[in-house]
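Asks: Counting from 141, one number per residue, gives the positions in the sequence shown under this note's numbering. The structure follows.
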Amino acid sequence: METLGSVHVRLAEDRDVAEIASLLTEGAQRQLRLEGSTGWPIPYPLEEVALSVRQHVVYVVEIDGGIVATFTLVWDDLRLWGPQPPIAGYVHKLVVREVWTHRDVGRQTIEWVANHVRDSGRTFLRLDCPGTNRRLIAHYESLGFRGIRVVRAGLPGTERTCLLMERPLTSRTANGPRPASDPPGGESLSQGNR
Numbered sequence: 141m142e143t144l145g146s147v148h149v150r151l152a153e154d155r156d157v158a159e160i161a162s163l164l165t166e167g168a169q170r171q172l173r174l175e176g177s178t179g180w181p182i183p184y185p186l187e188e189v190a191l192s193v194r195q196h197v198v199y200v201v202e203i204d205g206g207i208v209a210t211f212t213l214v215w216d217d218l219r220l221w222g223p224q225p226p227i228a229g230y231v232h233k234l235v236v237r238e239v240w241t242h243r244d245v246g247r248q249t250i251e252w253v254a255n256h257v258r259d260s261g262r263t264f265l266r267l268d269c270p271g272t273n274r275r276l277i278a279h280y281e282s283l284g285f286r287g288i289r290v291v292r293a294g295l296p297g298t299e300r301t302c303l304l305m306e307r308p309l310t311s312r313t314a315n316g317p318r319p320a321s322d323p324p325g326g327e328s329l330s331q332g333n334r
């Protein structure tokens, strides 16, 4: 495994909108190429990204100053999970640039999110993924997630099967970073414990 440079997670800003939309488009194109379908529009709409950025729910992952991944973190998900007690954080739209997919960025990002959600007083990290993507499901299972239930999601005519997954957050992950409460400018991911 290649050692990463300085990995940094921060809330996205208006200046990041175009790059995030490009990254989400890249992820949708990769899914289309590998799976034959995608649940996201191509190209990904700038307006939708801009709205989410203004809601302060989109994060970027940077290495040596360049954006290599993005994700959205929300504290409820009525659309897929329905009404729930406030026990989880929900990660969506996690995309790693293809050139970084085999360099541990995805795992480090999930560990950062897991620690951030746990430090926010929640006990589960939840996500959804295409129910037919066995490779992605196996990857999330290797990170401690388990399947909860299958739902149909998407726009009418483009609905697809989604597997809802969750991971219990009982203690800080051994190789994950220790998040503060979103310090100004973001936070670095470190190798090993802090």
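Quick reminder that beta carbons are idealized off the backbone N, C-alpha and C, glycines included. Small disclaimer: the values here were computed from a predicted structure and weren't measured.
Taking the CB atoms as reference points, tell me whether G271 and L303 lie closer together than 7 Å.
Replies: Yes, they are a contact pair.
Asks: Measure the Cβ-Cβ separation of A209 and V198 and say whether it is below 7 Å.
Replies: no
Asks: Is the number of C-beta pairs between the stretch 247–265 and the stretch 224–234 that are closer than 8 Å three or more?
Replies: yes
Asks: Checking 7 Å against the spacing of the C-beta atoms, do A254 and L164 come in under that value?
Replies: No.
Asks: Is it buried or exposed, T212, if we count other Cβ atoms within 10 angstroms and call 16 or more buried?
Replies: buried
Asks: Return the chain-ordered list of same chain residues with a C-beta closer than 7 Å to the C-beta of I288, the five sequence neighbours on each side being excluded.
Replies: Closer than 7 Å at Cβ, skipping near neighbours: L304, M305, E306.
Asks: Just to confirm my understanding: we take G167, look at its own chain, exclude 5 residues before and 5 after, and list those with CB closer than 6 Å. What are they?
Replies: V235
Asks: Find the nearest neighbour of D268 within the set I160, L283, L220, judged by alpha-carbon distance.
Replies: L220
Asks: Can you list, in chain order, the residues of its chain whose CB lies under 6 Å from that of D156, leaving out five sequence neighbours each side?
Replies: V200
Asks: Fully enclosed by the stretch 252–288, which alpha helix (DSSP H) runs are 4 residues long or longer?
Replies: 274–282
Asks: Exposed or buried, A278, counting other C-beta atoms within 10 Å across all chains shown (16 or more means buried)?
Replies: exposed
Asks: If the criterion is Cβ atoms closer than 7 Å, does the pair T178 and L172 meet it?
Replies: yes
Asks: If we call anything under 7 Å between Cβ atoms a contact, is V189 one with I207?
Replies: no
Asks: With DSSP run on the structure shown, which of helix, strand or coil describes I182?
Replies: Here I182 sits in coil by DSSP.
Asks: On the criterion of 16 or more Cβ atoms from any shown chain inside 10 Å, does V257 qualify as buried, or is it exposed?
Replies: buried
Asks: Taking the beta carbon of W215 as the centre, do at least 16 other beta carbons fall within 10 Å, making it buried, or is it exposed?
Replies: Classification for W215: exposed.
Asks: Spatial neighbours of P183 within its chain, please: C-beta separation below 6 Å, excluding the five flanking residues on both sides.
Replies: T165
Asks: For the beta strand (DSSP E) holding A209, just list the boundary residues, first then last.
Replies: 206–214
Asks: V239 bridges to which residues according to DSSP?
Replies: In DSSP, V239 forms no bridge with anything.
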